[in-house]
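J.: Pasting a structure here, questions to come.
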Amino acid sequence: MAYNLLKGKKGIIFGALNADSIAWKTAERIHEEGGEFVLTNAPIAMRMGQINELAEKTNSEIIPADATSIEDLENLVTKSMEILGGKIDFVLHAIGMSVNVRKGRAYTDQKYDWTAKGWDVSALSFHKTMQVLYQKDAMNEWGSIVALTYMAAQRVFPDYNDMADNKAYLESIARSFGYFFGRDKKVRVNTISQSPTMTTAGQGVKGFDNFMHYADAMAPLGNATAEECADYTVTLFSDLTKKVTLQNLFHDGGFSNMGISTQVMELFDADKK
Ligand SMILES: NC(=O)c1ccc[n+]([C@@H]2O[C@H](COP(=O)([O-])OP(=O)(O)OC[C@H]3O[C@@H](n4cnc5c(N)ncnc54)[C@H](O)[C@@H]3O)[C@@H](O)[C@H]2O)c1
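Last residue of the sequence shown: 282 (the working numbering), numbering continuous.
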């Protein structure tokens, strides 16, 4: 159901790789709610070609940008304002990648060049994006910036590897930059801490299937889907959440506040063994 919550709002969406991507579902929902946007992804991701399908479906243009390159980000922001005909109301940062995870390198045996690369892509890119938007004065007042994160920033999930540290850094950037963006431009900055979700990035984590089942059995409302994450992001881009800022918002069916659930307890029931 659409409510026209984003009618007249213009934005930039990072990270739609394929139809499983959280950013892809979010772009579809924003389009339904009347928002207009530019889609962007790393030049290498463009080669897969699937983003063209999303652009066509949502009447949007694509501007390739490596989110670690200031030059690319400057070009992205300038061109987006030209295409959209003015300043920007919303930005979604849905980017994550760890070379150590990809290449199967354990947390206790990091290759630090890879650690630094993953940090640049997954965390520092959020600072770079906001710094370019801030310095170009590209955001409208009461605009909203959201990045996606995961609870491994607060608690230990061994197979999340160095992405846990990247997410902790990302969440800190949201608070630190969010202060200046709020004070100087009346723009809010938040992170959404999403349930495990079956996407290309998600599936890169070892044992992801089992982990998804565990999280689902722990959460009183079950795991939040990518579509539900898209719905939540729409609310944060709408005028209904104007004073929500500097927050890390858990969108996980209640998982983050659980100790144990009866469903998981039953798996350890001694009488059943
Ligand atoms: N899938 C999950 O379980 C889950 C849970 C919580 C949070 N998240 C976060 O959600 C976000 C989106 O991930 P997803 O699960 O939709 O997976 P995804 O693989 O569909 O998206 C990751 C995106 O990052 C992009 N990217 C990588 N390097 C880039 C670069 N240098 N410049 C620009 N873009 C680059 C990829 O091309 C891809 O589009 C990530 O921040 C991820 O950590 C995912």
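Here a beta-carbon is modelled for each residue, glycine too, at the ideal position from N, C-alpha and C.
On a predicted model such as this, the values are computed, not experimentally measured, just so you know.
By Cβ distance below 6 Å, which residues in the same chain neighbour T200 in space, the five residues on each side in sequence not counted?
T.: Position 191 of the sequence shown, counting from 1, holds the residue named residue 200. Cβ within range, chain order: A156, T158, E180, A183, N257.
J.: When every heavy atom of ligand 3 is checked, does at least one fall within less than 8 Å of the C-beta of L157?
T.: Summarising the ligand content, the structure contains ligand 1 and does not contain ligand 3.
J.: Go ahead and label W33 buried or exposed: buried means 16 or more other beta carbons lie within 10 angstroms of its beta carbon, across all protein chains shown.
T.: Looking up residue 33 in the sequence shown gives position 24. Result: buried.
J.: So, are the CB atoms of Y241 and F186 less than 9 Å apart?
T.: The sequence position of residue 241 within the sequence shown is 232, counting from 1. The sequence position of residue 186 within the sequence shown is 177, counting from 1. Taking 9 Å as the Cβ cut-off, Y241 and F186 do not qualify as a contacting pair.
J.: Since A103 and G24 are thought to touch, with beta carbons under 8 Å apart, how far apart are those beta carbons, to the nearest angstrom?
T.: If you number the sequence shown from 1, residue 103 lands on position 94. If you number the sequence shown from 1, residue 24 lands on position 15. A103 to G24, Cβ: 3 Å. Contact.
J.: Does DSSP put Q203 in a helix, in a strand, or in coil?
T.: The residue given as residue 203 occupies position 194 in the sequence shown. Note: Q203 maps to strand in three-state DSSP.
J.: Give me whichever residues DSSP pairs with A156 in a beta bridge.
T.: In the sequence shown, the residue the question calls residue 156 occupies position 147. Looking at the DSSP assignment, A156 forms a beta bridge with H102, T200.
J.: So, helix, strand or coil for T138, using DSSP?
T.: Numbered from its first residue, the sequence shown carries residue 138 at position 129. Looking at T138 - three-state DSSP - the assignment turns out to be helix.
J.: From I39 to D248, what distance separates their C-alpha atoms?
T.: Along the sequence shown, one-based indexing puts residue 39 at 30. Along the sequence shown, one-based indexing puts residue 248 at 239. If I take the Cα positions, the gap works out to 14 Å.
J.: Excluding five sequence neighbours on each side, which residues of the same chain lie with their C-beta closer than 8 Å to the C-beta of T77?
T.: For this step, residue 77 is matched to residue 68 along the sequence shown. Result list for T77: D129, V130, L133, S134, K137, in chain order.
J.: Would you say the beta carbon of Q31 comes nearer than 8 Å to a heavy atom of ligand 1?
T.: In the sequence shown, counting from the first residue as 1, residue 31 sits at position 22. Correcting the residue identity first, residue 31 is Ile in this sequence and not Gln. Yes, since a heavy atom of ligand 1 falls inside the 8 Å radius drawn around the Cβ of I31.
J.: Unbroken alpha helix (DSSP H) runs of length 4 or more, entirely within the stretch 166 to 247: which are they?
T.: Fully enclosed alpha helix (DSSP H) runs of 4 or longer: 172 to 194, 209 to 212, 217 to 227, 235 to 246.
J.: How close, in whole Å, do the beta carbons of F246 and G20 come, if the pair is a contact with beta carbons under 8 Å?
T.: Residue 246 sits at position 237 when you count from the first residue of the sequence shown. Residue 20 sits at position 11 when you count from the first residue of the sequence shown. Confirmed, about 7 Å.
J.: Could you tell me whether the Cβ atoms of V196 and M148 are closer together than 9 Å?
T.: Residue numbering aside, residue 196 sits at position 187 when the sequence shown is read from its first letter. Residue numbering aside, residue 148 sits at position 139 when the sequence shown is read from its first letter. Yes, they are a contact pair.
J.: Measuring alpha carbon to alpha carbon, tell me which residue in K194, D261, T67 is nearest K251.
T.: Position 242 of the sequence shown holds residue 251. For K251, the nearest C-alpha among the options comes from K194.
J.: Quick check: what's the CA-CA separation for G262 versus F46?
T.: For this step, residue 262 is matched to residue 253 along the sequence shown. For this step, residue 46 is matched to residue 37 along the sequence shown. If you take the alpha carbons of G262 and F46, they lie about 29 Å apart.
J.: Starting from the C-beta of A233, find all residues in its chain whose C-beta is less than 7 Å away, skip the five residues before and the five after it, and write them out in chain order.
T.: Within the sequence shown, the letter at position 224 stands for residue 233. Answer for A233: Q203, S204, H260, D261, G262, listed in chain order.
J.: Taking only the alpha-carbon atoms, compute the straight-line gap between L276 and Y178 and give it to the nearest angstrom.
T.: Translated into positions along the sequence shown, residue 276 becomes position 267. Translated into positions along the sequence shown, residue 178 becomes position 169. Each residue's Cα considered, the two are about 35 Å apart.
J.: Sorted by chain position, which residues of the same chain lie with C-beta nearer than 6 Å to N13's C-beta, five sequence neighbours on each side aside?
T.: Position 4 of the sequence shown holds residue 13. Excluding five sequence positions before and after N13, the CB atoms of its chain that fall closer than 6 Å to its own CB belong to G43, given in chain order.
J.: What do you reckon, is the C-beta of I104 under 8 Å from a heavy atom of ligand 1?
T.: Here residue 104 refers to the residue found at position 95 of the sequence shown. Yes - ligand 1 has a heavy atom lying nearer than 8 Å to the Cβ of I104.
J.: From A224, E62, K126, S265, pick the residue whose C-alpha is nearest to that of R174; which is it?
T.: The sequence position of residue 174 within the sequence shown is 165, counting from 1. The amino acid occupying residue 174 in the given sequence is Asp; Arg does not appear at that position. The candidate whose alpha carbon is nearest that of D174 is K126.
J.: Would you please state the rounded distance, in angstroms, between the beta carbons of A210 and G113? I believe it to be under 8 Å.
T.: Position 201 of the sequence shown, counting from 1, holds the residue named residue 210. Position 104 of the sequence shown, counting from 1, holds the residue named residue 113. The pair is not a contact, with the Cβ atoms about 16 Å apart (cut-off 8 Å).
J.: Is N170 near A224, with beta carbons less than 9 Å apart?
T.: For the purposes of this step, residue 170 is taken as the residue at position 161 of the sequence shown. For the purposes of this step, residue 224 is taken as the residue at position 215 of the sequence shown. No, these two residues do not count as a Cβ contact at 9 Å.
J.: Just verifying my parser: in three-state terms, what is the DSSP assignment at N257?
T.: Sequence index remark: in the sequence shown, residue 257 carries index 248 (1-based). Residue state, collapsed to three classes: strand.
J.: What does the Cβ neighbour count give for I31, buried or exposed, with the cut at 16 atoms within 10 Å?
T.: On the sequence shown, residue 31 is found 22 positions in, with the first residue counted as 1. Classification for I31: buried.
J.: From which residue to which residue does the beta strand (DSSP E) around I21 run?
T.: If you number the sequence shown from 1, residue 21 lands on position 12. Unbroken beta strand (DSSP E) run through I21: 19 to 23.
J.: Going by the beta-carbon positions, is the gap between A228 and T208 smaller than 9 Å?
T.: Here residue 228 is taken as the residue at index 219 of the sequence shown, counted from 1. Here residue 208 is taken as the residue at index 199 of the sequence shown, counted from 1. No, the Cβ-Cβ distance between A228 and T208 is not below 9 Å.
J.: Secondary structure at E275, three-state DSSP: helix, strand or coil?
T.: By 1-based counting over the sequence shown, the position of residue 275 is 266. Judged by DSSP in its simplified three-state form, E275 adopts helix.
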